[in-house]
Structures are given as structure tokens and as C-alpha cells.
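Using the working numbering, you'd call the opening residue of the first sequence number 6 and step up by one each time.
Ideal Cβ placement from N, Cα and C applies to all residues, glycine included.
Keep in mind it's a predicted model, so treat the numbers as computed, not measured.
A quick write-up on the structure given underneath.
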Amino acid sequence: MSIIKHLQNSTIESLSALYNQSFTDKDFQINQTKPEFEGDYTVVMFSLVKSLKLSPDAIGNLLGEHLVKNNPQLFTAYNIIKGFLNLTVADAYWQDLLQKNYNDSCYGKKEMTGKKVMVEYASPNTNKPLHLGHLRNIFLGWSVAEILKANGYEVIKSCIVNDRGIHICKSMIAWQLFANGATPESTGIKGDHFVGEYYVKFNDAYKAEVEKLINEGIDKATAEKEAPIMKATKQMLLDWEDGKPEVKELWRTMNSWVYTGFDVTYNSIGADFDKTYYESNTYLLGKDIVQQGMDKKVFYQKDDSSIWIDLTAEGLDEKIVQRSDGTSVYITQDIGLALQKYEQYKIEQSIYVIGNEQNYHMKVLKLICQKLGMPNAENIFHLSYGMVELTSGKMKSREGTVVDADDIVDEMISTSQQHTEELGKVKDFTADELKAMYKTIGLGAMKFYLLRVDPKKTMVFNPAESIDFHGFTGPFVQYTYARIKSILRKQTDNGHPDSYREAIDNLQMTNDSITNDLLKAEKEVIVVAEQYPSAIEQACTEHNPSVIANYVFHLAKTFNSFYSEHSIAGAETESKKQLRLKISLLTANIIKSGMNLMGIAVPERM
RNA sequence: GGCUCGGUAGCUCAGUUGGAUAGAGCAUCAGCCUUCUAAGCUGAGGGUCAUUGGUUCGAAUCCAAUCCGAGUCACCA
């Protein structure tokens with residue numbers, strides 16, 4: 006139980022004993038005490054004034070006295086300033102917390118609940134390589150999955166690959182026209198980039214054809230429709246749907262190039278999926294559901310035989326679910342897939358990591374699923390994230406201002422190498438160790454940078470700043486970890502993590518005031534460490550990894566102050582040394598655990 | 001135009017179930033390495049929390065209006 010929860014409960018008990026009135030934890034507020042005042046946690050009196058009809062100071066005095074008197078193991082002192090009751094938490098409480106958790110690598114995580122959640126993320130198209138926006142999506146999805154696991158959920162990570170449709174045919178047509186049989190193997194270009202080049206070539210050729218037609222006096226709309234390359238593409242889509250063998254063959258081949266390329270990227274950034282859905286398999290799903298929806302009178306048919314749902318009562322529009330020619334639209338297959346996910350995995354919650362431009366679509370999807378009475382439809386959650394913009398404005402593929410995922414990852418890794426070499430920290434590492442470290446730091450910087458912002462918000466990607474390894478960054482936190490590990494290693498004979506505990510526990514303990522009283526800097530680290538379980542919980546309820554990023558940075562910062570102020574290995578007494586080593590080990594464990602929740606590795610040395 | 005989201009330091013972001021003098025990082029300036037890794041620590045300057053009004057003991061946080069920005073409103077996906 007957190008210290009805040011303890012304080013809430015004690016306050017409720019004391020108020021009940023003092024005033025014979027019952028309160029809940031919503032009737033008053035508890036904050037961490039501001040540093041300029043004496044105390045650790047503060048009960049705000051104002052909200053109690055009305056129901057008790059007493060002055061804030063009068064309540065505070067009685068409450069403070071009662072709390073300290075009846076919970077001596079928790080609170081040792083109190084003071085009241087302008088209606089704020091500041092309580093000092095007993096050193097023994099912090100010592101006890103430290104003792105119980107300093108060697109627990111699972112500290113802060115919850116027991117399994119037996120509940121299943123699916124997190125769908127990444128969801129790329131197979132006509133071009135991944136870009137910076139995908140990275141935000143992938144890091145978010147991965148991290149949210151880990152955060153859910155830490156909160157006791159069983160998580161299935163899934164991905165829906167958009168592997169069919171007109172955009173795929175564009176790359177295919179362009180390849181037929183311009184490639185002369187070239188392949189990723191023959192050119193040495195990564196498969197997804199290779200296919201992406203033909204998507205670009207399509208657009209160039211299409212643009213040229215349209216311009217030519219317009220110059221011949223044809224109006225723009227007609228030109229766009231009649232451009233030969235576009236007509237060929239549309240025909241190809243029809244051929245694909247008819248299952249024409251040579252089209253299917255080309256489609257399979259080009260998609261496989263893309264998948265090979267994606268796998269390289271996923272591998273390098275540490276993304277994986279338990280289940281991959283392909284749109285070519287799911288795009289016909291949901292047709293029978295449309296019929297069921299008709300029977301349930303959720304849907305209705307118009308005169309031209311197209312089928313609709315009326316969501317005007319919910320403040321939305323009418324939405325089509327089946328075309329007049331009887332074919333499905335985009336949302337139909339989403340409904341079908343939502344049901345399939347449930348039936349295959351019996352999930353209680355379905356999370357979709359999708360950009361905020363689809364807010365409306367996802368709102369409609371959820372509503373339809375609910376109206377159809379689909380199980381757990383109320384637990385469909387759209388984890389909507391904001392676009393990544395550049396300092397120069399938006400990323401636009403047509404203007405070539407898209408930041409490629411592979412490029413930026415490579416750049417981060419080589420920057421980390423450059424920084425490391427400049428700092429002269431490469432002395433006693435092997436080549437393999439160096440390579441691994443550059444990757445850990447470069448990727449860590451990248452992931453931290455994209456995850457430290459609230460997912461909902463549009464964020465600006467500033468190349469210069471993202472490459473910074475100081476301050477509120479991944480490398481800062483990693484560095485704190487590496488420094489702690491360096492100290493711990495030196496306390497053991499073999500430098501092995503398994504020996505840390507033994508080495509710490511073997512120190513001579515004395516029982517004196519130097520040991521028992523916590524210094525300010527020591528206590529501050531434990532106070533922050535105590536908040537880790539709450540941070541994990543909050544990150545989960547908000548589906549928000551930035552909570553973890555902010556927390557872990559705060560912890561590292563607090564530890565660094567402590568580190569620079571007091572010697573750990575050279576502490577005044579053996580027992581003080583033991584205390585500080587425990588604080589260090591606990592901090593290292595939390596940093597590693599928290600960073601892992603964001604998919605970020607921590608280096609033992611850097 | 002309707003709906004949704006956003007506007008906090010020069011820049012990037014925290015902080016919003018209403019609480020004390022609004023916080024970090026970057027950048028700028030000034031200090032700290034014969035002592036556990038200086039990718040660190042300490043300090044300084046920098047704010048009309050978009051604007052106006054309201055609610056109350058108290059508003060960055062809640063309400064209303066206005067201004068600015070983004071997204072969306074396809075028988076596209």
C-alpha cells in the first residue's frame with residue numbers, strides 16, 4: 006500500500022474518531038509537501054471546513070495530533086501553515102520500505118489478474134517503408150503492452166498489415182513499367198525501400214501524364230481519371246480481386262520483399278507481434294455481420310440497396326456499411342476483425358494504437374460494435390496519438406520531407422558512437438561491446454524522445470534536440486544506471502549481480518543514530534522510489550508511457566543529487582554504506598524496470 | 001460551416017478529480033573533476049499559463065464567449 010493510501014486511511018479514521026463523521030478519500034486532498042515546508046505529505050484542510058464548520062487550523066491541529074499519536078510508526082511530526090497540514094513520515098517507514106524492496110527486480114509490478122488484452126499497433130501499408138510516425142506508433146504500442154503486463158494483464162500484441170488495395174497496385178504497376186526485372190537482391194536495396202521507390206515512381210509518372218492531358222485541353226478531374234497509368238492500376242486491382250494468377254504472383258513477390266525489409270527494421274528496434282492479421286484475409290470479413298445488423302434493426306437499407314447506420318442520435322452522422330453494389334467498405338472489415346479478435350482470444354479489452362486522424366472512424370467503429378451487442382465492445386479503446394511534425398512543418402511524402410525510420414535509427418546510433426568516442430569512454434570495451442552499447446544508447450535516446458511526450462499530443466521532432474544526450478533523455482537515465490552498477494560491481498569479488506545482495510548484507514551493521522536517521526538526500530531517493538508502483542498504475546490507466554519516462558527521469562535526477570552529495574562506497578560507517586548501497590540497488594532496479602517498460606535497454610557500463 | 005483536440009519560459013515539454021511563491025530539459029550566464037564514471041552536480045536570469053468575463057476562501061486547472069493552430073466530416077483506406 007502506498008504512503009498516500011496509508012495517509013488517506015489514517016485521516017479517515019482520525020476524522021471519524023474526532024468528529025464522529027465519515028469521510029472518503031475524495032473528501033480531502035493529499036499532496037507531496039512542497040520543498041520549502043517541513044514535512045513529507047500534506048493534507049489540505051479547506052475541503053473539510055464546510056462539513057465540520059471549523060477553521061482549517063483548528064481541524065489541522067486536532068487531526069495532526071491525532072494522526073501522530075495513533076500512528077507513531079507512520080508519522081512523527083506535523084505542522085500547520087495556512088490550512089495545510091504537513092506530516093513528517095517516520096524514517097522507520099522509509100527504512101522498512103527500502104529493506105523490503107531493495108533487491109526485488111519485480112518491485113512495483115502487480116500479480117497476474119488473468120485478464121486478456123489485445124494491443125494492435127504498427128499496422129503498416131506494404132507500399133512504402135516505415136517512417137518516424139510509425140516509430141511513435143510502434144514504441145507506444147510496445148510500451149503500452151509492457152505496461153499492461155506490469156499491471157497483471159496477459160497481452161497479445163497484434164498487427165494488421167494493409168497489404169491490398171489501390172496503393173499496393175500503384176507500386177506494382179510502376180515496377181512492371183520501370184524496373185526491367187530489378188529486385189532487392191539485384192540492386193542491394195532493402196526490400197521495403199525498394200518497393201517504396203516504385204510507389205514514388207508511380208506518383209511521378211502519374212503526375213506527368215495528368216499534366217500532359219491537361220495541356221491537351223482536358224479538364225483536371227477527367228485527366229486524373231483518364232491517365233493511362235491510373236487506369237492500368239485500377240484494372241490491376243480488379244484483376245487482383247478476380248484472382249488473376251500473374252497479378253497475385255507479382256503481389257506476393259513484392260509484398261514478400263517488403264516483409265523482409267520490415268522484419269529487419271522490427272528486429273533492430275525490438276518490435277514483435279504475437280499475431281499478424283493481413284487485410285487480404287480480413288477484407289471480406291463482416292459481411293454476415295451486416296445481415297445480422299439488418300435483422301437487429303441496427304442497420305437499414307436505402308432505396309439504392311446500400312446499407313447504413315444512423316448515428317445522428319449520438320451526435321455523429323449516418324455512416325455507410327455496405328455499398329449499393331453489395332461490396333464492403335473499410336469499416337465493415339474492421340467490425341468483422343473486432344469480432345474475430347474476440348472470438349479467437351476471448352479478450353476483455355481491445356486497444357488500437359492508431360493516429361488521431363482516425364478519431365472519428367474509431368468512434369464510429371466502437372459505437373457500431375456496441376450497438377451490435379458485440380462482447381466487451383465497451384472495452385474497445387482507441388489509443389489515439391498525435392502526429393510527429395518536423396521543425397520545418399509537417400512530414401509530406403510527396404515533398405520528400407518524410408523522416409525514414411531506418412535512417413533516423415542509424416543516425417541515432419552513429420551519433421551515440423560519436424559522443425562516446427569524444428568522451429573517451431571506449432578504452433576497455435571489445436568491438437562487440439561497443440557496438441551493442443552504441444545501439445543501446447542510440448535507440449534508448451530515440452525511444453525516450455518519442456515516448457516522453459503525452460501520446461495524445463502532436464509533437465515536434467527536432468533533429469538537433471533528439472540527438473542531445475543530456476538532460477531529460479534516455480542516455481541521462483542510462484548513465485545513472487551505469488554509474489550505480491559500477492559502484493555495485495566494485496563491492497563484490499566477481500562483479501556479478503547475483504553477489505550484490507550478499508556483499509551488501511555482509512557489511513557490519515551498527516545501531517546508532519548516524520545509521521537510523523536518514524539524511525535529506527537519502528530520504529528523497531527513497532520517497533521517489535516509493536512512488537514507482539503508483540506510476541506504473543497511472544501509466545496503465547492512462548495508457549501513457551510518458552508517465553514512466555517522467556518518473557524515471559525524476560528518480561535518476563534525485564539519485565544523481567544524492568550521489569554527488571554523499572559518498573556511497575566511502576560512507577562514514579559500514580551500516581551507512583549498506584544503507585546507501587541499498588538505495589543505489591533499489592534505484593538501479595527501478596531504472597532498469599521502468600526503462601524496460603518503454604522498451605529501452607540499460608547498459609551495465611557506458 | 002458542424003464536430004473533436006490543442007494554445008503554459010526564446011525552444012521542446014510536465015503540471016488540470018480546483019490548493020501554498022506555476023515546474024523540468026535545451027539554449028544563455030556563473031561555479032564544481034588529486035575522492036564511487038563531469039553523458040554528472042550546484043546556482044542565476046527568463047512567465048499577463050492565448051484573450052475577456054464568470055463561478056469561490058482559492059483558477060493554468062471548472063463554465064461561457066472570442067482569437068489562433070491541427071484533425072475530421074467519401075459508396076477512399
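- Counted as a single uninterrupted DSSP element, the stretch harbouring GLY575 is not any beta strand (DSSP E), since DSSP gives it neither H nor E.
- Taking ILE234 as reference, the option from ASP277, TRP256 and TYR211 with the minimal CA-CA separation is TYR211.
- The count of Cβ pairs closer than 8 Å, one atom from the region 423-430 and one from the region 285-300, stays below three, leaving the stretches out of contact.
- A Cβ-Cβ separation of about 7 Å places THR16 in contact with PHE33 under the 8 Å criterion.
- ARG457 is the residue among ARG457, LYS31 and ASP498 whose C-alpha sits nearest the C-alpha of PHE144.
- Looking only at ALA150, ASN156 and ILE472, the smallest Cα-Cα distance to SER539 is reached by ASN156.
- Per DSSP, the unbroken beta strand (DSSP E) holding SER355 starts and ends at 354-360.
- In this chain, the alpha helix (DSSP H) harbouring SER148 covers 137-155.
- For ILE531, the CB contacts under 6 Å within the same chain, skipping 5 residues up- and downstream, are TRP99 and LEU103 in chain order.
- Taking 8 Å as the cut-off, the Cβ atoms of ILE173 and ASN208 do not count as close.
- In this model, ILE165 and VAL122 are separated by some 16 Å (Cα to Cα).
- For THR485, the uninterrupted alpha helix (DSSP H) segment begins and ends at 479-495.
- Checking the DSSP bridge columns, you'll see THR546 has no partner listed.
- With respect to GLU151, ASN549 sits apart: the two C-beta atoms are not nearer than 8 Å.
- Using a Cβ distance threshold of 8 Å, THR485 and ALA606 do not count as a contacting pair.
- Every beta strand (DSSP E) of 3 residues or more that sits fully in the region 34-92 is shown, in chain order, as 34-37, 46-49 and 80-86.
- Where ASP315 is concerned, there is no enclosing alpha helix (DSSP H), although the beta strand (DSSP E) around it starts and stops at 312-315.
- Contact between ARG141 and TYR390 is confirmed by a C-beta separation of about 6 Å, below the 8 Å threshold.
- Residue state for GLN536 is assigned as coil, using DSSP reduced to three classes.
- Counting only runs of 3 or more residues that sit fully inside the region 217-286, the beta strand (DSSP E) segments are 280-283, in chain order.
- Apart from the 5 residues on each side of it in sequence, VAL533 sits with its Cβ closer than 7 Å to the Cβ of HIS559, LEU560 and THR563 in its chain, given in chain order.
- The three-state secondary structure of LEU388, taken from DSSP, is strand.
- For ASN130, the secondary structure class from DSSP, reduced to helix, strand or coil, is strand.
- If you compare the alpha carbons of GLN26, LYS87, GLU70 and ASN25 with that of VAL49, the shortest gap goes to LYS87.
- Here GLU125 is buried: its Cβ has 16 or more other Cβ atoms, across all protein chains shown, within 10 Å.
- Distances from the alpha-carbon of LYS39 to those of PHE28, PHE89 and GLN422 put PHE89 closest.
- For the pair ILE161 and TYR350, the CB atoms are nearer than the 8 Å cut-off.
- The alpha carbon of GLU570 has as its nearest neighbour, out of GLU535, LYS528, ASN25 and LYS302, the alpha carbon of LYS528.
- For VAL166, no alpha helix (DSSP H) encloses it; the enclosing beta strand (DSSP E) starts and ends at 158-166.
- Distances from the alpha-carbon of GLU159 to those of ILE352, ALA410 and LYS399 put ILE352 closest.
- Taking each of SER580, ARG506 and PHE453 in turn and checking the Cα distance to THR515, the smallest one comes out for SER580.
- TYR305 sits in a strand when the DSSP states are folded into three classes.
- Under the three-state reduction of DSSP output, GLY398 falls in the strand class.
- The region 402-463 contains, as complete alpha helix (DSSP H) runs of 4+ residues, the segments 410-427 and 436-456 (chain order).
- Note on geometry: alpha-carbon atoms of GLY146 and PRO61 lie some 46 Å from one another.
- Using a 10 angstroms sphere on the CB of TYR335, the tally of other CB atoms stays under 16, which defines it as exposed.
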